[in-house]
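So for the sequence shown, our numbering puts the first residue at 562; every next one is plus one. Ideal placement from N, C-alpha and C gives every residue a C-beta, glycine not left out. Here's the structure, in structure tokens; my notes come after.
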Amino acid sequence: MRKITDFSGHDTLKDAVDFVIHHSPIAPKAQAAELNVSLSLFYGYADHAQPDHYPARLIVPHARCTGNAAVLQFLNHQLGYVGVRLADLRLAADPGKQLGLFQQTMLAVVREMGEAAGAIERSLKDGKLTEREARVCRKECLDLIDHAVLLHEQLKAAEEAAR
Numbered sequence: 562m563r564k565i566t567d568f569s570g571h572d573t574l575k576d577a578v579d580f581v582i583h584h585s586p587i588a589p590k591a592q593a594a595e596l597n598v599s600l601s602l603f604y605g606y607a608d609h610a611q612p613d614h615y616p617a618r619l620i621v622p623h624a625r626c627t628g629n630a631a632v633l634q635f636l637n638h639q640l641g642y643v644g645v646r647l648a649d650l651r652l653a654a655d656p657g658k659q660l661g662l663f664q665q666t667m668l669a670v671v672r673e674m675g676e677a678a679g680a681i682e683r684s685l686k687d688g689k690l691t692e693r694e695a696r697v698c699r700k701e702c703l704d705l706i707d708h709a710v711l712l713h714e715q716l717k718a719a720e721e722a723a724r
């Protein structure tokens with residue numbers, strides 16, 4: 562399972578925004594100040610009682626400020642895309658770092674596969690799959706897909722660098 566700041570399986574944009582605001586290493590007050598937004602307005606972006614009004618202009622600066630890409634990952638998954646960190650691809654082009662990087666990413670793929678399989682097995686133990694269980698399984702599968710795509714793109718970057 563990914564560390565909490567990397568989690569990507571949110572059902573709504575508001576859920577993803579709430580996650581970034583409340584589960585990032587930067588305090589919400591500091592996030593609001595960095596983005597030049599009042600704290601009350603900032604908390605309103607994650608308030609489920611208020612209409613959606615998270616400005617698109619804040620998506621990238623907010624992710625950079627917090628190091629939490631949950632909103633970007635949510636948007637990618639809604640469109641059927643998977644985002645890959647470019648820093649991980651640049652490392653793959655460095656022959657001195659390739660083996661360790663590939664091993665690390667492959668271990669993450671295997672770990673995520675085990676977690677997805679475990680979630681599915683636990684969910685079906687009683688012979689029925691609840692909505693919550695399906696959501697957990699789906700989120701584990703998204704983590705697996707993200708890591709597998711990262712490994713694929715790392716190998717592609719290494720191949721292109723070797724040309």
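To the nearest angstrom, report how far apart residue i and residue j are at their CA atoms.
i      : j      : result
VAL697 : ALA631 : 16 Å
GLY671 : ILE681 : Reading the sequence as shown, one finds Val at residue 671 and not Gly. Their backbone Cα atoms lie some 15 Å apart in a straight line.
TYR606 : LEU636 : 16 Å
GLN659 : ARG724 : 15 Å
PHE663 : ARG618 : 35 Å
LEU647 : ALA653 : 10 Å
ALA669 : LEU650 : 16 Å
ASP576 : TYR615 : 11 Å
ALA719 : ASP608 : 43 Å
According to DSSP, is residue i part of a helix, a strand, or is it coil?
i      : result
LYS564 : Because the pLDDT of LYS564 is 40, which lies under 50, any placement of that residue in the model is unreliable, and the question is left without a value.
ASN597 : coil
HIS609 : coil
HIS571 : coil
GLY657 : helix
PRO586 : coil
Is the Cβ-Cβ distance between residue i and residue j less than 8 Å?
i      : j      : result
SER601 : GLN592 : no
VAL598 : THR627 : no
PRO612 : PHE603 : no
THR666 : GLN715 : yes
LEU705 : GLU673 : yes
VAL645 : VAL710 : yes
ALA643 : ASP687 : A small fix is needed here, since residue 643 is Val in this sequence, not Ala. Cβ atoms of VAL643 and ASP687: not closer than 8 Å.
GLU676 : GLU701 : yes
LEU703 : HIS638 : yes
GLN596 : HIS623 : The sequence as given places Leu at residue 596; Gln does not occur at that position. In contact: LEU596 and HIS623 (Cβ atoms closer than 8 Å).
Which stretch, first to last residue, makes up the alpha helix (DSSP H) that contains residue i?
i      : result
PRO616 : Looking at the DSSP string, PRO616 is not in any alpha helix (DSSP H), and its letter there is neither H nor E.
ASP579 : 574-583
ARG726 : Absent from the structure is residue 726, since the part of the chain shown begins at 562 and ends at 724.
HIS708 : 692-723
ALA631 : 631-640
Is residue i close to chain D? Criterion is C-beta to C-beta, closer than 8 Å.
i      : result
LEU602 : Annotation note: the requested chain D is absent from the structure, which comprises a single protein chain.
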